[in-house]
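Before any comments, here is the structure.
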Amino acid sequence: MGAPGGGKGTISKKILKDFKFNHISTGDILRKHVQDKTELGLIANSYMVKGALVPDTVVIDMLRLIHKNKKNDESLLLDGFPRTIEQAKQLSTIFPIDCLISLDIPHQTIIDRLSNRWIHAPSGRIYSYDYNPPKIHNKDDITGEPLSQRDDDKPETISKRLVSYEQMTKPLIEYYRNHSKNTHVEVFQGTESDVIYPNVKNYLLKHFKTK
Ligand code: AP5
Ligand code: MG
Numbered sequence: 175m176g177a178p179g180g181g182k183g184t185i186s187k188k189i190l191k192d193f194k195f196n197h198i199s200t201g202d203i204l205r206k207h208v209q210d211k212t213e214l215g216l217i218a219n220s221y222m223v224k225g226a227l228v229p230d231t232v233v234i235d236m237l238r239l240i241h242k243n244k245k246n247d248e249s250l251l252l253d254g255f256p257r258t259i260e261q262a263k264q265l266s267t268i269f270p271i272d273c274l275i276s277l278d279i280p281h282q283t284i285i286d287r288l289s290n291r292w293i294h295a296p297s298g299r300i301y302s303y304d305y306n307p308p309k310i311h312n313k314d315d316i317t318g319e320p321l322s323q324r325d326d327d328k329p330e331t332i333s334k335r336l337v338s339y340e341q342m343t344k345p346l347i348e349y350y351r352n353h354s355k356n357t358h359v360e361v362f363q364g365t366e367s368d369v370i371y372p373n374v375k376n377y378l379l380k381h382f383k384t385k
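Mapped onto the working numbering, the consecutive letters of the sequence shown carry residue numbers 175 to 385.
The following block contains the structure:
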């Protein structure tokens, strides 16, 4: 977990190079529904464009479906879920959480970064013209398709997402510390994903084997 733009997607990508997980980003899944104009996408979009969380029931149903299709020996890397106490409670009835990684990044760093973020919408691949620019301007490295900006990366929407994170999601750190004895909770502070990642990797090595 971590505030919007805190580097969850960026750190997840680094984790996947070293460890074998199935990466589940609820934000990416919801954006795919929005793009495909599914019924779920139409509901989700009305919240996402305002910088609000999508109702718990919608994302929990999505997670139940993922669980139904999950292979037995597979470990999941959940990016952006749970985001409320209710989601955490429901999740505990679906799968156990071994580790909680929280990225604690200053808000000003986040605001500066998000206006610079470009994505390849179909895959969720993330680019930034400062940090990891595409090889060809405005084109996805793998497919060559055009990049776009997320609708919720407008400055006023970013502020709302940050408020919602502080109010609804950050309390989960204490919730897991107090209510989930088998979950290892670790908070990583910093401004640079490249500096933070080696610490995340060392932490994960205590609990999981590398590829
Ligand atoms: P989601 O897609 O999860 O958005 P978010 O939490 O707001 O987080 P982001 O994806 O914006 O940021 P990130 O932490 O992944 O950072 P990134 O790696 O891209 O959710 C979107 C919406 O869906 C929510 O607002 C909500 O409405 C809904 N939703 C999703 N899950 C939900 C749930 N469980 N319950 C209810 N609603 C839900 O990095 C950011 C930028 O920084 C990038 O451009 C990156 O290239 C750059 N960067 C990273 N590291 C560095 C560095 N070291 N130096 C410079 N730039 C860097
Ligand atoms: Mg993300």
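Just so you know, even glycine gets a beta-carbon here, dropped at the ideal spot from N, CA and C.
Considering only DSSP beta bridges, list what His358 is partnered with.
According to DSSP, His358 bridges with Cys273.
Following the continuous beta strand (DSSP E) through Leu321, name the residue where it begins and the one where it ends.
Taken as a continuous stretch (DSSP letters only), Leu321 belongs to no beta strand (DSSP E), as it is neither H nor E.
Where DSSP assigns a beta bridge to Gly181, which residues make up the other side?
Gly181 is not bridged by DSSP to any residue.
Let me know if Gly318 comes out buried or exposed under the rule of 16 or more other beta-carbons within 10 Å of its beta-carbon.
Classification of Gly318: exposed, given that the 10 Å Cβ count is below 16.
Below 8 Å, can you find three or more Cβ-Cβ pairs linking the region 320-327 to the region 285-303?
Contact holds between the region 320-327 and the region 285-303, because three or more Cβ pairs, one in each stretch, are under 8 Å apart.
Should Gly364 be listed as close to the ligand MG, given that the test is whether its C-beta is under 6 Å from any heavy atom?
Gly364 Cβ: outside cutoff for every heavy atom of the ligand MG.
Could you tell me whether any non-hydrogen atom of the ligand MG is closer than 6 Å to the CB of Gly182?
The displayed chain sequence assigns Lys, not Gly, to residue 182. The answer is yes for Lys182.
Tell me the start and end of each unbroken alpha helix (DSSP H) in the region 181-211 that is at least 4 residues and wholly inside, in chain order.
Complete alpha helix (DSSP H) runs here, min 4: 182-192 and 200-209.
Does the ligand AP5 have even one heavy atom less than 6 Å from the beta-carbon of Tyr305?
Yes, since a heavy atom of the ligand AP5 falls inside the 6 Å radius drawn around the Cβ of Tyr305.
Consider the C-beta atom of Pro280 and the heavy atoms of the ligand AP5; say whether any pair is separated by less than 6 Å.
Taken from the Cβ of Pro280, every heavy atom of the ligand AP5 lies 6 Å or farther away.
Going by CA-CA distance only, name the one from Pro229, His358 and Asn290 that's closest to Ile347.
Per the Cα distances, His358.
Cβ of Gly318 versus every heavy atom of the ligand MG: is any distance shorter than 6 Å?
Not under cutoff, so the answer is no.
Run through DSSP, which three-state label would Asn352 get?
Helix.
Just the Cα atoms here: how many angstroms apart are Arg351 and Cys273?
Looking at the two C-alpha atoms, the distance is approximately 11 Å.
Could you tell me the distance, in whole angstroms, from the CA atom of Gln261 to the CA atom of Phe255?
Across the structure, Gln261 and Phe255 are spaced so that their CA atoms are roughly 8 Å apart.
Following the continuous alpha helix (DSSP H) through Arg335, name the residue where it begins and the one where it ends.
Where Arg335 is concerned, the enclosing alpha helix (DSSP H) stretches over Pro329 to Ser338.
Whole-angstrom Cβ separation of Val233 and Asp325, contact assumed at under 8 Å?
18 Å between Cβ atoms; not a contact.
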